[in-house]
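A.B. asks:
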Ligand SMILES: Nc1ncnc2c1ncn2[C@@H]1O[C@H](COP(=O)(O)OP(=O)(O)OP(=O)(O)O)[C@@H](O)[C@H]1O
Ligand SMILES: [Mg+2]
């Protein structure tokens, strides 16, 4: 008896230890180091860094701008993402697959590629200026780049897919009969939406809001490429401190400031809605009443009723709709809106394709046809090395994250361990801590370990940021897994290992494949960690892309963008195929 | 008492090429309890959602109290629906769930509270008002769904397998409850089930559906004793179906010859026309197949099963061309035990042998 429980304890430890070790060594330690650096100078404890931080309003202004950009981005993403997610959740199977493909394509297309596309699109000789001029709306090119608007467009394009997918995961679980039930009980469409559907979808809205906000606050690609001096965000300050002045202490102090802001946001979120709703774990079916109580809840209810009544008035005012309209069909206005939005977020990257074959540089419209830019890329060792390295690091990250994450997911779902919520929070912390802070901390620690520039260091760093997604995916898969199948196999004489090999893993294969792909794609598009940890001939593809783009905007980059875009499109297609084949079984 | 009549004319619903409901006409009287019965996929839910306005018909009309509602939206139809999965709003308390239809109808707060309490009283769950749906058992949720439906006194109530998820005992209890509420309110009810016993005990009339069309519509007695087709005879209760040929027709009765026998016997028609020489099926219910009497047939006992109050005998007839037969009689304690392989003679009263057209009914 004792021996068995002993062995069980060892097995559990072996399943969870690799993940814990990874996070302690490459998340807790580096971030802790960085934070320590901010209060320890050459002469011991000092608050000098913080004094400098608050001495002038410069840094606080940057913080305010960061918050403003993040907040507006979040608002726009949630408000425009909601109808998209809604439409995807209600349409039939085939249309859903099409809509989802475009969202996923955008989601997986590199942030860099998308930001670059906007530079070209909004440039003086870009599509928009040329079109406006040829329409006679303006006479000379307008300055569309390097202002708040261009940053906002880039940020929304970058984060809208995330918002849509987060809300979608909640909306898909809303029982479709509920709004119908409301209709039979006398609720007009507006009322049924605002009083029934909307409150049930709120956890998704909240989760999308916080995911977008936290990602936005740690973003630097878009403001650096599309913003002017006045749109500098706080992460850019950290980069400057590390790359230009090597001032670790001050970089640490800024990181602390950023971290504190993020933690305050999370604490507020937890107070209001509960963190558990973030992972979408609480299905709306047993949605707990929100923590808002008493007068706030009553006011909210009254507001929803008002919104419902107003919407119904508006619907009544609309030119009388076709009487024989199928009640299940989404309105034309909604469909038009969603397709417009999908076009807006996909078009820039697609417009890159003709430009990459043109001889006229990046000016619109494309002229001639040449493969010159592709040849340049393929003949340049810097680019081919970068591609190879990114593939290698991506595969390594995918494998490592899966190997470490899957057992941990098993442990969290299948066994009763103490403090499960705390463990889960710990495992998810790489998502919460801004990527930039992790990257700078890792750079510092890697420098001590001699891992800077090595593929191993990159794989480890990327695994830290990819592993939470693997654990979450596998936990979801395992929750839906019918453990009776295992018991059946065991009753048929299969020993535990044989059960795993012949029953459990084959059934879980689709989930493992998609978490592998997720980890691969995360690594393949990762720039923040690669920004410091690599360079020159050992740069990854995003890093090489970044170096080129910050130097000059050339058609070569359009060619690379096109390659990346096609590669990701193929990957999603294959992943989707695999998923469907697994689902059909 | 509010209740309305419902008329359906040539209503049809297709999904692509698939006909979920062939053009169907149906009248439901004020205050009637009509059950839609049929195997899975026969179009019951489809018909119900068309009536409720949750799906849109491809053809046909729906009239409530002679008023055409084919194109009215669900919220304007004054129809109550009890959904199969209850469809209680998870983010509202039981009280708010029940008051929802009243709020939608702008009933004053005080009035709404009073009527909500009364509805909870009717389903005998006054103590759960402040709870949330997930804090109730399946049977309780079911009753709340019912309360939410009756609280605004819709003229017609539609119920889609409302008792599907409940265990036998709770189901019997709820059946009585629904019947009581039907009696007290006098509402027109259209009820869906695929439990034939439930249909027989609860309904004024049963509408038996098959493959998207009505197979037979009538009182439970009609369907049980005068099935119009082999499908109906088979679906409702156990039956022995013997092939036979019509020899002659006189009024209600028929002269028939069973299978390959030469001797003639008698049967009654099921209301449709028969012609001499026509091959038919004759239905005899197990409880009407008497062992050791009459003697139209003989056979060997292959199996005996005692299921509480009934004893079932499985018999292989000696006449070629007849399937295995089942005879049932009340279980008696004192009688001599049966022996497998024993030869038995079987008979029935002519009035219990019902002639049915072979193949599809007309
Ligand atoms: N949205 C749909 N798209 C395509 N086919 C459908 C759809 N809804 C129903 N059907 C088909 O229509 C037929 C009738 O379905 P319906 O739900 O009315 O059956 P039912 O009699 O209620 O069955 P059950 O007793 O299983 O509930 C079925 O064959 C079903 O597959
Ligand atoms: Mg059904």
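Residue numbers (the working numbering), protein chains in the order written: chain Z, 7 to 591; chain F, 142 to 503. Glycine included, C-beta positions come from ideal geometry on N, C-alpha and C. Quick caveat: nothing in here was measured; it's all calculated off a predicted structure.
#1: Can you name the residues of chain F whose CB is closer than 8 Å to the CB of residue 197(Z)?
#2: Using CA coordinates, which residue listed in 397(F), 391(F) and 331(F) is at the minimum distance from residue 344(F)?
#3: Comparing C-alpha positions only, which one of 35(Z), 86(Z) and 68(Z) sits nearest to residue 346(Z)?
#4: Please look up how many angstroms separate the CB atoms of residue 323(Z) and residue 245(F), rounded, as I've assumed it's under 8 Å.
#5: Report yes if the C-beta of residue 95(Z) is less than 6 Å from at least one heavy atom of ligand 1; otherwise report no.
#6: Thinking C-alpha only, which one of 206(F), 323(F) and 442(F) is nearest residue 486(F)?
#7: Does DSSP put residue 195(F) in a helix, in a strand, or in coil?
#8: Quick check: what's the CA-CA separation for residue 284(F) versus residue 264(F)?
#9: Compute the Euclidean distance between the alpha carbons of residue 310(F) and residue 224(F), then round it to the nearest angstrom.
#10: Could you spell out where the beta strand (DSSP E) holding residue 444(F) opens and where it closes?
#11: Using a Cβ cut-off of 7 Å, pull out every chain B residue sitting near residue 194(Z), in sequence order please.
#12: Quick one: any contact between the segment 219–239 of chain F and the segment 200–213 of chain Z, if contact means 3 or more CB pairs under 8 Å?
#13: Per DSSP, which one or two residues make a beta bridge with residue 203(F)?
#14: What does residue 205(Z) reach in chain F if we use C-beta pairs closer than 8 Å?
#15: Going by the C-beta, is residue 65(Z) closer than 6 Å to any heavy atom of ligand 1?
#16: Closest to residue 278(F) by C-alpha separation, out of 340(F), 288(F), 253(F) and 306(F), would be which residue?
#17: Could you say which of 469(F), 324(F) and 260(F) lies nearest to residue 430(F) if we only look at CA atoms?
#18: Flag residue 41(Z) as yes if its beta-carbon sits less than 7 Å from any beta-carbon of chain F, otherwise no.
#19: Quick one: is the Cβ of residue 187(F) within less than 6 Å of any heavy atom of ligand 1?
#20: Bridge partners for residue 399(F) per DSSP, in chain order?
#21: Counting only C-beta atoms, is residue 227(Z) closer than 7 Å to chain F at any point?
#22: Can we count residue 161(F) as close to ligand 1, meaning its CB is less than 6 Å from some heavy atom?
#23: Mind checking whether residue 164(Z) and residue 228(Z) have CB atoms under 7 Å apart?
#24: Answer yes or no: does any C-beta atom of chain F fall closer than 7 Å to that of residue 187(Z)?
#25: According to DSSP, residue 290(F) sits in a beta bridge with which residue or residues?
#26: Taking 7 Å as the cut-off, decide whether the C-beta atoms of residue 162(F) and residue 205(F) are in contact.
#27: Do we get a CB-CB distance below 7 Å when we pair residue 193(F) with the residues of chain Z?
#28: With a CB to CB cut of under 8 Å and the five nearest residues on each side skipped, what residues in its chain are close to residue 523(Z)?
#29: Using a Cβ distance threshold of 8 Å, determine whether the segment 249–263 of chain Z contacts the segment 56–65 of chain Z, with at least three qualifying pairs required.
#30: Heavy atom of ligand 1 less than 6 Å from the Cβ of residue 332(F), yes or no?
#31: Kindly confirm or deny that the segment 457–467 of chain F and the segment 417–424 of chain F touch, where touching means at least three C-beta pairs closer than 8 Å.
#32: Measure from the alpha carbon of residue 183(Z) to the alpha carbon of each residue in 304(F), 190(F) and 355(F), then state which is nearest.
#33: Indicate whether residue 193(F) and residue 215(F) have their beta-carbon atoms separated by less than 7 Å.
#34: Could you round the C-beta distance between residue 198(F) and residue 152(F) to whole angstroms and report it? I think they count as a contact, below 8 Å.
#35: How many angstroms separate the CA atom of residue 563(Z) from the CA atom of residue 166(Z)?
C.D. replies: To lay it out plainly:
#1: 245
#2: 331(F)
#3: 86(Z)
#4: Not confirmed; about 20 Å, so no contact.
#5: no
#6: 442(F)
#7: coil
#8: 6 Å
#9: 21 Å
#10: 438–448
#11: No chain B appears in this structure, whose protein chains are Z and F.
#12: yes
#13: 149(F)
#14: 232
#15: no
#16: 306(F)
#17: 469(F)
#18: no
#19: yes
#20: 385(F)
#21: no
#22: yes
#23: yes
#24: yes
#25: Its beta-bridge partners do not exist; DSSP assigns none.
#26: no
#27: yes
#28: 404, 577 and 581
#29: yes
#30: no
#31: no
#32: 190(F)
#33: yes
#34: 5 Å
#35: 24 Å
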